[in-house]
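Here's the structure, in structure tokens; my notes come after.
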Amino acid sequence: MTAVGRSRWMTFLLYGSITVLAVVWLVPMLSALATATLPLSQTRAGWWNLSPADLTFGNFARAWDQGLSRYAVNSFIITILAVVLTVSAGSLAAYAYARMAFRLKATTYFLLITTMIVPVQIILIPMLPWFRTLGLNAGPQEYLGIALVHTAFGAGWAIFMLGAFFAQIPEDLLEAARIDGAGWFDVFRRIALPLALPGIVSFAIIDFVFVWNDLLLALTLLDRAHQPLTVGLANLQTPHLAQEDLVAAGTIMAILPPLVLFAALNRFYVRGLFAGATKG
Amino acid sequence: MASRRTSTVAPPPPATAPPAAWVAQRRPRSRAERFAPYIFVAPLLAVFAAFYLWPALVTVLSSFFRWGLLRPWSPVEPARWRFVGLENYTTTLTDPSFWNAVLNTAVWLVVFPLLVVGFSLLVSILIWYTTRAGTVFRTVFILPMTISLDAAGIIWSFIYNADPQIGVLNAALDRLGILGADWRLGPLELHPGSWLSNPGVLHLGFADVRLTNLALVIPAFWAFTGFGVITITAGLTAVPYELVEAAKVDGANAWQTARHILVPALRRPLVVVGVVSVIFALRTFDIVYVMTGGGPAQDTMVLALLLWQQAFAFLDTPQGGQATAIAVLMSAVLVAGSWPYLRQLLAGRSR
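Protein chains in written order, with our numbering: chain A, 944 to 1223; chain B, 13 to 363.
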């Protein structure tokens, strides 16, 4: 009897504490959501006193018209370009690191892995003159430039995570195809790639979130016409301008794409992070 | 390692001599096979060399010269080089604003990993016990991970808003009647309310730690804890259920089970979370940039932001060299500090 009583009390305590923590964890999101969907006057009187009748989507429309649309387009271009480059070059290389022997393999692997640790500041300062030399400092080439930097800095994660997925493929399958006369590239494309696809999707999602959320590179390397949403938000966030409604609406719009991706492909996302974090 | 795997591609041992046709079929392909790996790695390595190795090398080299961003140091124009040896390093290392940034970064390096590891361990164990609703709770804690750090900073600026009519935190403190209080507890000075200007100071004798930094650590912690929760809950799935059952039979309560069975099984995930959050803390830029810009005065200036300002905010002064010196110092500290982890990582892969 006492044992049952204690465990019931314990269960209540466990559920109670995690519920309280989860609610606290959601307050910042609720605060931003409320600020984004309320008129400024209501925000000024405490968003927690809101009445549902006040809710409006006007803030989103205004933020969108005040230049956020351009930032959003830039965000999509940069992110998609960077993810495509990283995933394609990364899965080719990751396959080689996981499945083939070649000279300087250990050295180059080590160098690539350092991108997971070394801060991006190590390349930031000479980057602008370097972009000028390469002709990546103006016009649409800027998109390519920053996407290539993201590719270089995602290289460590790419071979680390994608390599883990390629390493899981049973050797027998690859060997069988090779005996049947398939060349290396055929083995990669017809056998390894389809088998590692779930892993590649998780990596692509993580890379998407990572590139989408980058502020430092975009702020440093891009001119106003090519900056993404993160920079747009940082520009909007001027404490002395009374425009919390616009800032909040912009913030919600900026976090929406990764969030939707996350919600739609939650399993892939978690699995990818899991593989990146615990395998190795 | 992979070399062993690929060695199975080689013909089987002579005991089962391969048929002549098979050998003949393989020979012509072996040349292509030898080149194949290089073709596979070439695109990534080319991008990596051009957009990481080369710029990193230029950063290291240019840290020995004096230059400003208006006329950046260029490896191909020796005529304009102004070699200063280690001067950028000595200037940096004797600059009070550098040490101020080091102190603030040190606050991040200590507080942030402790918060992340401690809290995500607690949450993960709670989630593990609440099996039925576990996934829902886990999603709540993972959710902020997808948010960019500057968006997280902005969201928390709303929370921290000093006006109790706008900021929910101060509204709560106002209800409790402690808003604007002024406390002194030994070396600790607290002013709850003005979170982003001056929430308090910890006087350590040799230095004053500004608690404004803690106000910035919290949003980062909020955004990053999801990583800890994912990693640790993943580690918990590996705990053998029989062990937990056996403990229950022996009369262990939830606390004892967590303390003696779950935590010891989690050493590896905990190390991963700890190391990754240390790396994260030293790289901190976005949140500080968007919430305080390093201010008020230099109270929240961290190394990553100091470097950025020296390189890009003062175009007309010859501080580029000093900025690169900071970048080199930061990278050296990170690589040296995470060296054991890095080696473990590489060893684990080649096992």
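For glycine and all other residues, C-beta sits at the position ideal for the given N, C-alpha and C.
Since the structure is predicted, the reported quantities are computational estimates derived from the model, not experimental observations.
For a cutoff of 9 angstroms on Cβ pairs, would you count residue i as touching chain A?
i	result
B/Thr117	no
B/Ser289	no
B/Arg94	no
B/Pro125	no
B/Gly198	no
B/Ala316	yes
B/Gly286	no
B/Met157	yes
Quick one: grab the DSSP three-state call for residue i.
i	result
B/Arg196	strand
A/Gly1082	coil
B/Arg94	coil
B/Asp220	strand
A/His1093	helix
B/Phe149	helix
B/Gly238	helix
A/Gly1001	helix
B/His215	strand
B/Arg280	helix
B/Gly80	strand
A/Leu981	coil
B/Glu89	coil
A/Leu1047	coil
B/Leu202	strand
A/Asp1150	helix
A/Gly1126	coil
B/Phe170	helix
B/Ile208	The displayed chain sequence assigns Leu, not Ile, to residue 208 of chain B. Of the three classes helix, strand and coil, the one that applies to B/Leu208 here is coil, per DSSP.
A/Pro1069	coil
CB residue i to CB residue j, shorter than 9 angstroms?
i	j	result
A/Trp1155	B/Trp234	no
B/Phe239	B/Ser132	yes
B/Val290	B/Leu317	no
B/Gly247	B/Leu278	yes
A/Leu1176	A/Gly1193	yes
A/Asp1150	A/Thr1029	yes
B/Leu319	B/Ala293	no
B/Val229	B/Val123	yes
B/Val345	B/Trp120	no
A/Leu1172	A/Ala1015	yes
A/Leu976	A/Ile1122	no
A/Trp1127	B/Phe52	yes
A/Asp1157	B/Ser160	yes
Cutting at 7 angstroms between CB atoms, please list the residues of its own chain near residue i, excluding the five before and the five after it.
i	result
A/Ile1089	Ile1021, Leu1160, Ala1161, Leu1164, Leu1165
A/Ile1112	Ala1135, Leu1138, Ala1139
B/Arg295	Ala316
B/Gly77	Sequence inspection shows Phe at residue 77 of chain B; the Gly mentioned does not correspond to that position. Same-chain partners within the cutoff: Trp85, Trp93, Arg94, Phe95, Val96, Gly333.
B/Val284	Thr243
B/Pro231	Ala164, Gly165, Trp168, Ile299
Just to confirm my understanding: we take residue i, look at its own chain, exclude 5 residues before and 5 after, and list those with CB closer than 6 angstroms. What are they?
i	result
A/Ile1102	Ala1036, Ala1037, Tyr1040, Leu1055
A/Leu1179	Val1190, Gly1193
B/Asn173	Gly179
Considering only residues of the same chain and omitting the five flanking positions on each side of residue i, which have a CB-CB separation below 8 angstroms?
i	result
B/Val241	Ser132, Val135, Ser136, Ile139, Arg150, Phe153, Ile154
A/Val1092	Ile1066, Met1070, Leu1160, Leu1164
A/Asp997	Leu981, Pro982, Gln985
Take the Cβ of residue i as the centre, count every other Cβ of all protein chains shown within 10 Å, and call the residue buried at 16 or more, exposed below.
i	result
B/Tyr253	exposed
B/His272	exposed
B/Ser74	buried
B/Asn225	buried
A/Gln1064	buried
B/Gln322	buried
A/Gly1097	buried
B/Ala337	buried
B/Pro87	exposed
B/Trp195	exposed
From the beta carbon of residue i, is the nearest beta carbon of chain B less than 9 angstroms away?
i	result
A/Phe1131	yes
A/Tyr1014	no
A/Thr1057	yes
A/Met972	yes
A/Asn1080	no
A/Trp1155	yes
A/Leu1202	yes
A/Val1061	yes
A/Met1104	no
A/Ile961	yes
A/Arg987	yes
A/Ala982	The question names Ala, yet the displayed sequence has Pro at residue 982 of chain A. No, A/Pro982 lies away from the interface with chain B (no Cβ there is under 9 angstroms from its Cβ).
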